[in-house]
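Down below is the structure, laid out as structure tokens.
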């Protein structure tokens with residue numbers, strides 16, 4: 001059970017993301033729900049995490065499965081009721097877990113009452129609550145901005161005879177944050193959930209809130225590199241430098257106002273999702289000074305680059321400009337291919353030991369951590385046919401991009417029919433290949449991926465240096481990494497090998513001296529948690545078997 005009672009509990013915390021419609025179905029309709037989440041909270045607590053992040057459960061037409069909100073202050077009936085949500089809060093707190101919920105403030109559903117009023121005329125009280133723009137004289141769209149989901153970011157509305165902005169689906173119109181009334185309204189919805197007892201929020205697309213009022217065209221990119229959602233060679237969105245449609249300087253003032261609201265509620269926190277061409281710089285700006293977001297995460301570890309060189313480069317870049325800001329890291333979520341497949345060595349062959357060492361690497365970095373449901377089971381990407389897809393993103397870009405359904409298939413709780421997820425027909429298939437990964441089965445295996453997650457999370461809590469200590473990198477190559485974590489009470493040396501070949505790392509790179517073992521500077525190897533393979537030290541070398549880790553105190 002977690003012990004998170006200080007006002008900065010979020011520094012170094014571990015957050016477990018629940019995608020509720022795929023977590024556990026309590027009533028047999030094939031869709032996971034809030035009562036199902038309540039039933040599984042003891043399982044989440046047993047992992048040793050500090051908090052739960054619950055993906056959207058608000059009233060929605062579900063065109064984007066909850067990220068198109070039509071009522072910010074109510075629960076969609078498919079998930080339950082407000083009373084059911086209160087049960088989530090009460091049960092989680094009883095088990096020592098904080099509760100964070102998604103807030104999707106950049107855009108609403110086109111079925112939201114605000115949009116219905118705004119779109120009804122040019123002069124209603126909410127006429128300027130969305131980004132409405134006249135067409136060019138020839139009827140064309142205002143500029144070259146593109147939607148993440150493909151095509152122009154502008155949708156014609158015949159009643160107003162104007163275009164409205166949508167960074168995502170055309171059924172997800174962007175709110176106009178340049179209107180103070182909009183800011184007041186969205187902050188009122190944030191307060192609603194704070195008053196209901198939530199401990200914090202994950203803010204979806206936190207860098208998208210403002211747009212350039214001059215509507216200037218984005219410039220072309222010279223080179224396409226995999227990055228945040230939508231940035232792939234098969235998507236035209238990737239061919240622009242998004243300097244005017246998001247990550248605008250006005251966002252800072254809004255985040256300060258948001259933080260002032262959060263500070264009225266002690267021990268609450270915020271996590272911002274940042275997806276842009278300069279995400280690490282933006283993460284630093286958004287979390288510095290203690291007056292904006294508490295922490296942010298980017299898509300830098302959500303790409304296909306699993307090299308330790310990339311890990312070090314990412315960490316050092318953020319550390320170089322972070323100051324007193326704080327990062328949050330994840331290697332999987334509801335928007336990207338599952339990490340066991342995405343970071344597989346070759347031909348998507350799943351390797352459980354590789355999954356374990358990637359977990360140990362992530363939980364040894366400086367920052368807070370988000371774990372996505374099923375990650376602790378080592379689930380690979382669910383393989384679905386085109387006919388089984390429901391994600392509009394995947395349907396649009398099939399087959400080069402298969403969408404997000406493969407990471408959203410239901411949790412396998414048992415190896416029985418439907419993986420114990422539902423007594424009905426699941427909204428997405430429970431993949432047969434996932435049944436051997438079932439939580440029930442892994443609970444009974446002492447060195448399973450699940451049990452290794454538990455033991456390493458417990459190990460992490462015992463070492464302040466791992467939770468919130470400073471980090472210094474000493475060595476990297478494609479498969480190996482060596483670094484120190486230092487807190488006021490301890491310094492740890494960590495070396496790990498994520499590859500299939502054994503490796504030897506020289507401690508001379510670390511400039512450590514090795515006098516008699518009684519000296520305070522001597523390395524003292526620490527016994528690592530069950531389920532992981534331990535490296536060894538021979539003189540001034542650390543020998544690492546495939547998929548192994550060495551941890552020592554100084």
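In UniProt numbering, the protein residues as written are 1 to 554.
Backbone N, C-alpha and C define an ideal beta-carbon position, used for all residues, glycine too.
In this text the structure is predicted, and so the values were computed from the model without any measurement.
Coarse secondary structure for residue i, derived from DSSP in three states
i	result
residue 107	strand
residue 481	strand
residue 452	helix
residue 276	coil
residue 517	Confidence at residue 517 is low in this model, with a pLDDT of 43, below 50, so the placement of that residue is unreliable and no value is reported for it.
residue 13	coil
residue 200	strand
residue 114	helix
residue 312	helix
residue 504	strand
residue 19	coil
residue 185	helix
residue 462	coil
residue 87	helix
residue 242	coil
residue 495	strand
residue 524	strand
residue 162	strand
residue 100	strand
residue 435	helix
residue 211	coil
residue 543	strand
Supposed contact pair residue j and residue i - C-beta distance, whole angstroms, cut 8 Å
i	j	result
residue 173	residue 115	6 Å
residue 392	residue 203	Not really, about 22 Å apart at Cβ, beyond 8 Å.
residue 440	residue 409	The pair is not a contact, with the Cβ atoms about 17 Å apart (cut-off 8 Å).
residue 502	residue 436	28 Å between Cβ atoms; not a contact.
residue 537	residue 554	Not confirmed; about 12 Å, so no contact.
residue 252	residue 352	Between residue 352 and residue 252 the Cβ distance is about 44 Å, and since that is not below 8 Å, they are no contact.
residue 211	residue 10	Actually they are not in contact, since the Cβ atoms of residue 211 and residue 10 sit about 30 Å apart, beyond 8 Å.
residue 12	residue 468	4 Å
residue 375	residue 339	7 Å
residue 205	residue 273	6 Å
residue 15	residue 296	Going by Cβ atoms, the distance from residue 15 to residue 296 rounds to 13 Å, so no, they are not a contact pair.
residue 56	residue 66	3 Å
Environment of residue i [buried if 16+ CB atoms lie within 10 Å]
i	result
residue 48	buried
residue 395	exposed
residue 426	buried
residue 434	buried
residue 488	exposed
residue 385	exposed
residue 134	exposed
residue 530	exposed
residue 358	buried
residue 223	exposed
residue 216	exposed
residue 493	buried
residue 506	exposed
residue 241	exposed
residue 304	exposed
residue 387	exposed
residue 462	exposed
residue 152	buried
residue 442	buried
residue 337	buried
residue 349	exposed
residue 36	buried
Bounding residues of the alpha helix (DSSP H) (the contiguous stretch that carries residue i)
i	result
residue 394	392-397
residue 612	Residue 612 falls outside the range modelled here, since the chain spans only 1 to 554, and no answer is possible.
residue 138	Segment: none, residue 138 is in no alpha helix (DSSP H) and carries neither H nor E.
residue 340	339-342
residue 357	352-362
For residue i, the first and last residue of its enclosing beta strand (DSSP E)
i	result
residue 54	51-54
residue 64	Premise fails: residue 64 is in no beta strand (DSSP E) and is neither H nor E.
residue 369	368-372
residue 74	71-75
Residue-chain proximity (residue i, chain C), Cβ-Cβ < 8 Å
i	result
residue 173	Of the protein chains in the structure, only one exists, and it is not chain C.
Beta-bridge partners of residue i, as assigned by DSSP
i	result
residue 472	484
residue 534	549
residue 296	272, 327
residue 130	175
residue 217	BP columns for residue 217 are empty, so no partner.
residue 259	DSSP, once it has assigned bridges, lists no residue as partnering residue 259.
residue 155	164
residue 149	BP columns for residue 149 are empty, so no partner.
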